[in-house]
Amino acid sequence: MKQHPFTLLIILFLTSLLALPAQARQIELSAELGTPVVEAGRAHKTFLKISLTGFELSGLTERTPANVALVLDESGSMTGEKLEEAKEAALLAVDLLNEDDILSIVSYDSHVKVLVPATRVADKSDIRRAIRAMKAGGQTALFAGVSKGAREIRKFIDKERVNRIILLSDGQANVGPSTATELGELGMSLGKEGISVTTIGLGDGYNEDLMANLAGYSDGNHAFVEDPEDLVKIFNYEFGDVLSVVAQDLLIRIEFEDGIRPLRILGRKGEIIGREVTTRMNQLYSDQAQYILLEVEVPEGTADQTRDLARVTVSYQNMANRQQEDVRDRVSVSYSSSSDEIARSRNREVVTTATKQVANEMSKKALQLRDEGKREEAQRVLNSSADFVRSQGAMLGGEEKEQLEAFSAEVESEADAITLDEDWDMRRKAIKAKQYRQDTQQTY
Amino acid sequence: MKKRHANLLLLIALVVLPLALIGWQAWRLLDSESDVQQARYDQLVEARLQQVDLTIQRYLESLAGDWRERLPAWPLDPREVRKRLADEVRVRHLFLLGPDNRRLFPEAPLSSDEQEFVQRLEAIWRDPSLLRSSRPDSESELADTSAPALSRVFRKSARESAGIQPESGWYMWHWGAGTRLLFWWKSPGGETLGLALEPARFKSDLIGLLPEDDATDFSIRLRDASGQEIYRWGGYEPEPGEEYHHYPLSYPLSSWTLEYAGTQPTAAATGFGLLLLLGSLALVLIGLALYLYREQTRELREAARKVEFVGQVSHELKTPLTNIRMYAEMLDEQLEDDPRQRNYLGIIISESQRLGRLIGNVLNFSRTPALHLSEVDIDGLVRQTLDHFRPGFSARGIEIHTDLQAGISISSDADMLEQILNNLLSNVEKYASGGGAVEVTTRVAEERLLVSVRDHGAGIPAAERRKIFEPFYRIDNSLTEGVSGTGIGLTIARQQAGRLGGKLVVSDAAPGARFTLTLPLDRGESA
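Protein sequences appear in the order of chains H and W. With the working numbering applied, the first sequence corresponds to residues 630 to 1073, in that order. With the working numbering applied, the second sequence corresponds to residues 400 to 926, in that order.
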């Protein structure tokens, strides 16, 4: 059969037109308990997982316009290959953006320079020239660099855009506010405003706590790059992310019923006030699942009783139709005296996720102990974490058992290595980045 | 030679003194100029920093203005207030006090962050009037800044809203090493809302507002209450050890400072002009001095050449004259006793002798003759010299009295001694013939030989006594009128006395003058 290519194109176009309205085009929300059925007659601790799943944006025409500020470190330590790679990556970023997007480029050493003020990406040659002209030298005014980047973002800040600062640094901040706490506070404030900061640490010189905090509190990504060549890969990911955000400014509110006590939020930052838990997410990417994990205490109940546990509301900006939307879900818990039923109803996926998240919390604890010089204690924490993960795997059995056993082995080797001095700087950064990925379910 | 050195020094002084004077004046001028420039610089710095301060004040005012506008619309119940907090990107914490000053928010259950906030602001819960007592409003602060136009605008807007708006203001309190800012607002219903700024965000916003200037002539730093640098701009690199100027910010950030360093004003522009002027003046003066110096040395050289010439000529004259004298004397011996011929011959001889002395003088003056030491019988020498003058003296009616008591011989130059006497006696002959007598004495006293020639003429006025020994000097009076003379006789006589280790002085003898030659008996070594 021979068809004219043009006809084929028209057919494709018409199909896509028909397909568009049919798409769900709303984020999916589901709230699940690790153990939806608990043993009657006593109080329990269980995990509540709230999952958010994005939808697929169809085609490039639908892509959310971006408002990006590239904040590039050009302090003395960037001299040489690092700066060249950073420039290459920035040039790549310029290539990935188009006329609908807004880009600004800020560089900093001891002073801050706005190389390209926020502008539509129309004349790329000027932008490229500004990037190529960067020279390394001086100290690291990281805080000021991010602040100026934020100012550039604000010039065009818009809920209908993806507003993001991408910070690329290899150095410790040493001019201006430079503590992890301060950068975290700045990140939190920017996050509230809808600006997320993605931090990319280069080499082994940077302050990973500071970079992770800045990204974490603003709901951005954080990555540790050992080899400058990885930069291009990360920028590709990062811009892939920026280009495919489907929901922004998500406010997740969980109201627990009387008698239910939220104990802690695992991984994410959030507020627990009485029986109400609120947390935020700056964005959700297309076809990506993000979750919030909580540990809750369920009071004792009688067999066959079912009680409401919580109501979950997520308000967000839908990037497909530019509307403010809400999605809701409810979750309840049942009591039973049959251990069989309890085991059968167990949500294996939630338990696995929760197990990993708990292990992550313990890994953070261990890192803190290691920082305080308590190496043996740190090792003990990791070993008990590995035991915990293995026991959870044994309880679940099946496929999850293998998965968790592998995870447990990983934790064990981490436990073996934590007391050693060799390459600690690099290893610490890798651990920190891994914890960050686990916490934020980052894709890279 | 000494004189030439003196001249040189004089010329140098001629250059250096006016230059030094003008230079000093110029320096003083520059000094005051640099004071003016310093003041101007200080003003510029002040203005720059005030501009920064004003920018920050404006930002605070815009924040306050925004809240004053929006807060009245807030439902003042704890639940709603918490929701609002989520949208206030610049606010970290928030509190709400009821009309009775009871804390409505945050109230238990508290998040851990809120708990800390509540603890830190303990003082406010105890006494909410602290808020008001710190500083009533930012408007009163703006009245303090030295930008009257602007503060008037702000105050006006504040006044306009004063009718509707209840009190509001900034409050600053310490949190750890740093400070935190809080905006409080009192509702018409008596509730108080407090909005504590997110400190990192506040700093970040300030950085956003401040310039990215990389001008190289100044550098400004902003430091917070704990002394931590927040931001710097301006590419000036201070010299090692150069101090930053410190300026505090206005309320409520009075514990923050701005630091300034910059290129100091240089008097380069005017200083260069002055230097140029001084330089050219120095060149002109040096040129003039050099010209004068060359002129003078040229004259000296010319004079020396003239003297040389005269000496040469005199030398040439000496031989023929000697011949004339010798043959005249030979003729005198062989001549018959014809008084008229003898008289003529006598005149020829005496005149040639006079000419000989004259030439001898000139030669002595133009060149320093070598000493020929021998034993000289002083009294004999005096007598012999006097003999030469006898015909001339007797012709002029001058009687010669001698009192020669030296009676010794000394080691000296006979020719020079004779020449000294010749000069003294010829002066008597020329200028003191009116006195009618000359007394020549020799004696020894105090290990010295004294030879004096005293005339009875008009004498020498006291004022002239020094000058008569200077070369070419002739007393200008009736005495010298019509009498020819070179003016070097006494000069030579004194020089020669010096050469012989003695001296020649003149004294008043009333009437007349007395010239006394003093010579050491033991000549010793003399120059």
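All C-beta atoms in this analysis are idealised placements derived from N, C-alpha and C, irrespective of residue type, glycine included.
For R780/H, return the contacting residues in chain W, with the cut-off set at a CB-CB distance below 7 Å. G607
For V875/H, the three-state DSSP class (helix, strand or coil): strand
With DSSP as the reference, label L647/H as helix, strand or coil. Since pLDDT at L647/H reaches only 44, below the 50 mark, its modelled position is unreliable, and the value read off the structure follows with that caveat. Residue state, collapsed to three classes: helix.
Taking the beta strand (DSSP E) that G577/W falls in, what are its first and last residues? Per DSSP, G577/W belongs to the beta strand (DSSP E) from G577 to K585.
Determine contact between the segment 893–905 of chain H and the segment 655–671 of chain H, defined as no fewer than three beta-carbon pairs at a distance below 8 Å. The answer is no - the segment 655–671 of chain H does not touch the segment 893–905 of chain H, with fewer than three Cβ pairs under 8 Å.
For P535/W, count the other beta carbons within 10 Å of its own beta carbon; 16 or more makes it buried, fewer makes it exposed. Which is it? The predicted position of P535/W is uncertain, since its pLDDT is 47 and thus under 50; a value taken from the coordinates is nonetheless stated next. It counts as exposed.
When you compare the CB positions of V414/W and L684/W, do they come within less than 8 Å of one another, or not? Yes, the Cβ-Cβ distance between V414/W and L684/W is below 8 Å.
Let me confirm a value: L892/H is counted as buried when at least 16 other C-beta atoms fall within 10 Å, else exposed. Which label applies? exposed
Which term fits K821/H, buried or exposed, when burial requires 16 or more other beta carbons within 10 angstroms of its beta carbon? buried
Listed in chain order, which residues of the segment 608–633 of chain W have Cβ atoms closer than 7 Å to some Cβ of chain B? Structure shown: chain B not included; protein chains present are H and W.
For R360/W, which option in S818/H, G832/H, G683/H and A841/H has the closest C-alpha, if you only look at C-alpha atoms? Nothing about residue 360/W can be reported from this structure: the residues present for chain W run from 400 to 926 only.
Nearest residue (CA-CA) to F871/W, options G888/W, H855/W and R865/W: G888/W
Can you list, in chain order, the residues of its chain whose CB lies under 6 Å from that of L549/W, leaving out five sequence neighbours each side? For L549/W, the predicted model reports a pLDDT of 40, less than 50, meaning its position is unreliable; a value from the coordinates is still stated below. The answer is none, since no qualifying residue turns up.
Taking the Cβ atom as the reference point for each residue, do T767/W and L785/W lie within a distance shorter than 8 Å? no
Close-in-space but distant-in-sequence residues of the same chain around R671/H (CB under 6 Å, 5 per side omitted): E929
Shortest alpha-carbon distance to V761/W belongs to which of E828/W, Q752/W and I891/W? I891/W
Are the C-beta of E502/W and some C-beta of chain H separated by less than 8 Å? A quick correction: the sequence has Arg, not Glu, at residue 502/W. R502/W does not count as touching chain H.
Quick one: which unbroken beta strand (DSSP E) runs of 3-plus residues sit fully inside the segment 636–681 of chain W? Chain order, please. 644–647 and 656–661
Classification of T1008/H by the beta-carbon crowding that lies within 10 angstroms, buried from 16 upward: What sits at residue 1008/H in the sequence shown is Gln, not Thr. Buried, by the Cβ-count rule.
Need the endpoints of the alpha helix (DSSP H) that R865/W sits in, please. From DSSP, R865/W is part of no alpha helix (DSSP H); its letter is neither H nor E.
Given a limit of 8 Å on CB to CB distance, which residues of the segment 930–961 of chain H reach chain W? none
Spatial neighbours of L823/W within its chain, please: CB distance less than 6 Å, with the 5 preceding and 5 following residues excluded, ordered by chain position. V852 and F914
Using a Cβ-Cβ cutoff of 8 Å, what residues of the segment 870–886 of chain H are near chain W? List them in chain order. Flagged, chain order: L880.
Are any of the Cβ atoms in chain W nearer than 8 Å to that of A651/H? The predicted position of A651/H is uncertain, since its pLDDT is 40 and thus under 50; a value taken from the coordinates is nonetheless stated next. Residue-level contact by beta carbon fails for A651/H and chain W, as no gap is shorter than 8 Å.
Could you compute how far the alpha carbon of A934/W sits from the alpha carbon of R753/W? Since the first residue of chain W shown is 400 and the last is 926, residue 934/W is not available in this structure.
Burial state of L689/W, where buried means 16 or more other Cβ atoms lie within 10 Å: exposed
Determine the contact status of L920/W and G901/W, defining contact as a CB-CB distance below 8 Å. no
Between the segment 831–842 of chain H and the segment 1056–1071 of chain H, can you find at least three pairs of beta-carbon atoms closer than 8 Å? yes
May I ask you to list the residues that DSSP assigns as paired with S963/H? V666/H and T935/H
Given the structure, does T664/H come close to the ligand MN, in the sense that its CB is under 7 Å from one of the ligand's heavy atoms? The ligand MN is not part of the structure shown, which contains no ligands of any sort.
Starting from the beta carbon of S510/W, find every residue of chain H whose beta carbon is closer than 7 Å, and list them in chain order. E900, I901 and I902
Leaving out five residues on either side along the sequence, give the residues of the same chain with a beta carbon under 6 Å from the beta carbon of P825/H. Just to set this straight, residue 825/H is Ser in the shown sequence, not Pro. Once the five neighbours on either side are set aside, the close Cβ partners of S825/H are R793, S847, D848, G849 and N911.
Going by Cα to Cα distance, which pick from G686/W, A595/W, H787/W and A576/W is closest to L410/W? G686/W
Looking only at DSSP bridge pairs, what is T810/H linked to? DSSP, once it has assigned bridges, lists no residue as partnering T810/H.
Do the segment 774–793 of chain H and the segment 635–649 of chain W touch if we need at least three Cβ pairs shorter than 8 Å? no
Cβ neighbours of Y458/W in the same chain (closer than 8 Å, five flanking residues each side left out): Take Y458/W, set aside five residues on each side of it, and the residues of its chain with a beta-carbon closer than 8 Å to its own are D604, L605 and L608, in chain order.
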